[in-house]
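A.B. asks: Before I ask anything, let me first share the structure, which is written out below as structure tokens.
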Amino acid sequence: MAHKIAVIGGDGIGPEVTAEAIKVMEAAGVELDTTDFDLGGARYLRDGEILSDETLAELRNYDAILLGAVGTPDVPPGVIERGLLLKMRFELDLYVNQRPFVGTAPGHDRPHDFVVIRENTEGPYVGEGGVLRRGTPNEVATQGSVNTRMGVERCIRYAFELAQTRARKHVTLVHKTNVLTFAGDLWERTFDEVAAEYPDTETAYNHVDAACIYFVQDPHRYDVVVTDNLFGDILTDLGGAVSGGIGLASSANLNPDRTGPSMFEPVHGSAPDIAGQNKANPTAAVLSAALMLDFLGEPDAAETIRAACDDAGSGSTTSVGDTIAARVRE
Ligand code: NAD
Ligand code: IPM
Ligand code: MN
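Quick note on UniProt numbering: the sequence shown kicks off at 1 and runs consecutively.
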């Protein structure tokens, strides 16, 4: 049966790269029943809809959501990002953001292969806090980080389960326990308790600042990295940058319990600086579609697509998409 896919191209390069991802999946012979959802900055400016509860309810009827990117300089920062992307992550309980990185970092002579498991529903993203005396010299803004035992544990448990499927079986916790003593303590204790259930799995801990050094200078030390929402956001742009570029970085926003659809999107954003110029690398979107196919039980098509993405080149958006699609058809 055809997979029912909700497609949100979104803003900037989002629709451009998403079109290539669909082209490649169709070339791979995957049966898709796609529905375009006109959401993002342009829609918001037209009629005010960001993501209504009715549209969200409709999205629940799909097997998966394929998203390009959202956010545009025409709308104040956060309006679309929070109202659309974060609303989906929170409401659909997409509590794992899985971001794989395979590539050769600058100055290294062989590829690394690690995956970041980013907690996706908590931390500073929750929006806890507020502002007092806005616009005055005495303005105070606070933005708290919410970390629940349940939320932290399910994410860490996912990371350990994923490690069981990998050759090295190694999990690194990344946090900032030396400063964020409340949240860090919760993460560290939970990590240690879950780790005790996996005696064959090796573990490590890095402070997030040091992890930035190792991502660049020693990425081979990593297998599975688990971290909070904001650290994971920042580290995964760095992960992309050291793994062939942000144009290759894919992600899966997963509801591992499958109580609704999961969402698949590149790590990168809407890239307003290159939008509309057929310049964006569509590979991140194509590889995100491959993650979607893995999740939908099509591992062969996913693997074919991944292989076709190897050195697919750096031409225009459509020509890279065409190259990958042609290889997939062979
Ligand atoms: P960005 O990822 O859009 O761009 C950062 C840099 O990377 C830019 O120089 C851009 O040209 C380049 N780049 C990104 N994707 C590329 C690709 N596929 N090929 C080649 N180059 C690529 O980050 P930004 O500029 O900080 O954000 C722009 C907008 O996107 C903001 O509104 C932001 O909130 C939003 N955003 C959305 C998502 C998402 O929807 N998942 C992710 C990140 C940022
Ligand atoms: C990402 C993006 C989002 C995030 C923004 C657009 C809300 O940067 O998916 O990495 O911070 O999670
Ligand atoms: Mn990001």
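Positions of the beta carbon are idealized from the N, C-alpha and C atoms, including for glycine. As the structure is a computational prediction, the values presented were derived from the model and not from experiment.
Rounded to the nearest angstrom, what separates Thr259 and Asp185 at their Cα positions?
C.D. replies: Counting from 1 along the sequence shown, the entry for residue 259 is found at position 259. Counting from 1 along the sequence shown, the entry for residue 185 is found at position 185. The alpha-carbon atoms of Thr259 and Asp185 are separated by roughly 30 Å.
A.B. asks: First and last residue of the beta strand (DSSP E) that includes Lys4?
C.D. replies: Here residue 4 refers to the residue found at position 4 of the sequence shown. Counting along the chain, the beta strand (DSSP E) containing Lys4 begins and ends at His3 to Gly10.
A.B. asks: Going by CA-CA distance only, name the one from Gly9, Ala301 and Asn255 that's closest to Val328.
C.D. replies: On the sequence shown, position 328 is the one that residue 328 refers to. Looking at the Cα atoms, Ala301 is the closest of the given residues.
A.B. asks: Would you report the Cα separation of Val140 and Glu128, rounded to the nearest angstrom?
C.D. replies: Residue mapping note: residue 140 aligns to position 140 of the sequence shown, counting from 1. Residue mapping note: residue 128 aligns to position 128 of the sequence shown, counting from 1. Going from the Cα of Val140 to the Cα of Glu128 covers about 14 Å.
A.B. asks: Would the beta-carbon of Pro77 be found less than 8 Å away from any heavy atom of the ligand NAD?
C.D. replies: Translated into positions along the sequence shown, residue 77 becomes position 77. Pro77: yes, Cβ under 8 Å from the ligand NAD.
A.B. asks: If you count every other CB in all the chains shown that lies within 10 Å of the CB of Ser52, and 16 or more means buried, which is it?
C.D. replies: As a working mapping, residue 52 is identified with position 52 in the sequence shown. It counts as exposed.
A.B. asks: When you measure from the CB of Asp273 to every non-hydrogen atom of the ligand NAD, does any distance come out below 8 Å?
C.D. replies: Residue numbering aside, residue 273 sits at position 273 when the sequence shown is read from its first letter. Asp273 Cβ: within cutoff of the ligand NAD.
A.B. asks: Using beta-carbon positions only, say whether Ala307 and Leu248 come within less than 9 Å of one another.
C.D. replies: Numbered from 1 along the sequence shown, position 307 holds the residue referred to as residue 307. Numbered from 1 along the sequence shown, position 248 holds the residue referred to as residue 248. No, these two residues do not count as a Cβ contact at 9 Å.
A.B. asks: Count the other CB atoms within 10 Å of the CB of Gln164; is the residue buried (16 or more) or exposed (fewer)?
C.D. replies: Within the sequence shown, numbered from 1, the residue matching residue 164 stands at position 164. Exposed.
A.B. asks: Using DSSP bridges, identify the partner residues of Phe114.
C.D. replies: As a position in the sequence shown, residue 114 is number 114, starting the count at 1. DSSP, once it has assigned bridges, lists Phe101 as partnering Phe114.
A.B. asks: Do Asp237 and the ligand MN come close, with the Cβ less than 8 Å from some heavy atom?
C.D. replies: Here residue 237 refers to the residue found at position 237 of the sequence shown. Answer for Asp237: yes, Cβ within range of the ligand MN.
A.B. asks: I'd like to know whether the C-beta atoms of Ser243 and Pro282 end up nearer to each other than 9 Å.
C.D. replies: Against the sequence shown, residue 243 aligns to sequence position 243. Against the sequence shown, residue 282 aligns to sequence position 282. No, these two residues do not count as a Cβ contact at 9 Å.
A.B. asks: Examine the ligand MN and report whether any of its heavy atoms sits within less than 8 Å of the Cβ of Asp47.
C.D. replies: Sequence index remark: in the sequence shown, residue 47 carries index 47 (1-based). Flag unset: Cβ of Asp47 not near the ligand MN.
A.B. asks: Answer yes if the region 191–209 comes into contact with the region 86–103, meaning at least three C-beta pairs across the two stretches below 8 Å, and no otherwise.
C.D. replies: The region 86–103 vs the region 191–209: no contact.
A.B. asks: Tell me Met263's beta-bridge partners as DSSP assigns them.
C.D. replies: Counting from 1 along the sequence shown, the entry for residue 263 is found at position 263. According to DSSP, Met263 bridges with Ile65 and Asn253.
A.B. asks: By alpha-carbon positions, which one of Val75, Lys4 and Ala19 ends up nearest to Pro272?
C.D. replies: Residue 272 sits at position 272 when you count from the first residue of the sequence shown. Here the closest residue by C-alpha is Val75.
A.B. asks: Is it the case that the region 96–108 contacts the region 164–175, given that we only count it when at least three CB pairs across the two stretches are under 8 Å?
C.D. replies: The region 164–175, when compared against the region 96–108, does not touch it at the 8 Å Cβ threshold.
A.B. asks: By how many angstroms is the C-alpha of Thr34 removed from the C-alpha of Pro15?
C.D. replies: In the sequence shown, counting from the first residue as 1, residue 15 sits at position 15. In the sequence shown, counting from the first residue as 1, residue 34 sits at position 34. Near 14 Å, if we compare the C-alpha coordinates of Thr34 and Pro15.
A.B. asks: Classify Gly78 as buried or exposed, calling it buried when 16 or more other Cβ atoms lie within 10 Å of its own Cβ.
C.D. replies: To locate residue 78, count along the sequence shown from 1; it is residue 78. Classification for Gly78: exposed.
A.B. asks: Going by DSSP, name the residue or residues bridged to Ala271.
C.D. replies: As a working mapping, residue 271 is identified with position 271 in the sequence shown. DSSP output for Ala271 lists no bridge partner at all.
A.B. asks: Who pairs with Ala141 in a beta bridge, going by DSSP?
C.D. replies: Along the sequence shown, one-based indexing puts residue 141 at 141. According to DSSP, which records beta bridges pairwise, Ala141 is partnered with Val131.
A.B. asks: Please list, in chain order, all residues of the same chain as Leu86 whose beta carbon is under 7 Å from its beta carbon, the five residues on each side excluded.
C.D. replies: In the sequence shown, counting from the first residue as 1, residue 86 sits at position 86. Tyr125.
A.B. asks: By the DSSP assignment, the alpha helix (DSSP H) with Tyr214 in it spans what residues?
C.D. replies: The residue given as residue 214 occupies position 214 in the sequence shown. Segment Val208 to Gln217, the alpha helix (DSSP H) holding Tyr214.
A.B. asks: Does Leu45 pass the burial test, meaning 16 or more other C-beta atoms within 10 Å, or should it be called exposed?
C.D. replies: Within the sequence shown, the letter at position 45 stands for residue 45. Label assigned to Leu45: exposed.
A.B. asks: Considering Cα atoms alone, identify which of Gln143, Ile117 and Leu162 is closest to Leu173.
C.D. replies: Counting from one through the sequence shown, the residue named residue 173 turns up at place 173. Among Gln143, Ile117 and Leu162, the Cα nearest to that of Leu173 belongs to Ile117.
A.B. asks: Drop a sphere of 10 angstroms on the beta-carbon of Val267, count the other beta-carbons inside from all chains shown, and report buried for 16 or more, exposed for fewer.
C.D. replies: Position 267 of the sequence shown, counted from the start, is the residue given in the question as residue 267. Result: buried.
A.B. asks: Between which two residues does the beta strand (DSSP E) harbouring Val226 extend?
C.D. replies: Translated into the one-based positions of the sequence shown, residue 226 becomes position 226. Here the beta strand (DSSP E) through Val226 covers Val224 to Thr227.
A.B. asks: Just checking, does the region 205–223 make contact with the region 52–68 on the three C-beta pairs under 8 Å criterion?
C.D. replies: No, because fewer than three Cβ pairs between the region 205–223 and the region 52–68 fall closer than 8 Å, the two stretches do not touch.
A.B. asks: Quick check: what's the CA-CA separation for Thr323 versus Glu330?
C.D. replies: The residue given as residue 323 occupies position 323 in the sequence shown. The residue given as residue 330 occupies position 330 in the sequence shown. Whole-angstrom Cα-Cα distance: 11 Å.
A.B. asks: Could you give the distance in angstroms between the alpha-carbon of Glu188 and the alpha-carbon of Arg157?
C.D. replies: Position 188 of the sequence shown, counted from the start, is the residue given in the question as residue 188. Position 157 of the sequence shown, counted from the start, is the residue given in the question as residue 157. Going by the C-alpha atoms only, they are around 13 Å apart.
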